[in-house]
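*Asks:*
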Amino acid sequence: MNPNHYLLSLGIGILLYGFAYFMFHDVYVHQRIPILRNFSNRYLRATVKAHLEHHNPHAHYNYGFLIAPVKYYIEEFSRKKETQK
Ligand SMILES: [Zn+2]
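The sequence shown begins at 0 in numbering that gives the first Met the number 0 and counts up by one.
(1) When you compare each of His50, Ala58 and Tyr60 to Tyr72 by their alpha carbons, which one comes out closest?
(2) Does DSSP classify Asn3 as helix, strand or coil?
(3) Between the region 1–11 and the region 42–49, can you find at least three pairs of beta-carbon atoms closer than 8 Å?
(4) Flag His54 as yes when its Cβ comes closer than 8 Å to any non-hydrogen atom of ligand 1, and as no otherwise.
(5) Quick check on the burial criterion: 16 or more other C-beta atoms within 10 angstroms. Buried or exposed for Val28?
(6) Could you tell me the distance, in whole angstroms, from the CA atom of Arg41 to the CA atom of Ile66?
(7) Taking 8 Å as the cut-off, is the CB of Val69 close to at least one heavy atom of ligand 1?
(8) Rounding to the nearest angstrom, what Cα-Cα distance links Lys84 and Arg36 in this structure?
Here it is as structure tokens:
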């Protein structure tokens with residue numbers, strides 16, 4: 000493989016990560032552009048809740064970009080079951 004292909008692959012990966020970060024973090028979570036709101040998807044709601052707590056100065060912690068601590072998913076999935084009863 001030509002060394003330029005490695006660099007191109009690296010550049011495309013960085014571009015895709017940047018696009019995903021922009022769409023999830025800036026557009027969806029922080030609503031910098033008022034689109035993509037109010038998804039009923041439990042994974043997205045749990046991840047957004049974890050991200051907003053990440054910004055809370057009293058509960059500041061680090062977590063994966065699109066993977067929140069398990070407690071947020073358990074909380075979100077449990078709440079959904081309770082509302083269906
Ligand atoms: Zn943020």
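In this text, a Cβ means the ideal position worked out from N, Cα and C, and glycines have one as well.
If you're wondering where the values come from, they're calculated on a predicted model, not measured in any experiment.
*Replies:* If we stick to the structure as given:
(1) His50
(2) helix
(3) no
(4) yes
(5) buried
(6) 13 Å
(7) no
(8) Its pLDDT being 45, under 50, Lys84 is placed unreliably in this model, and the coordinates cannot settle the point.
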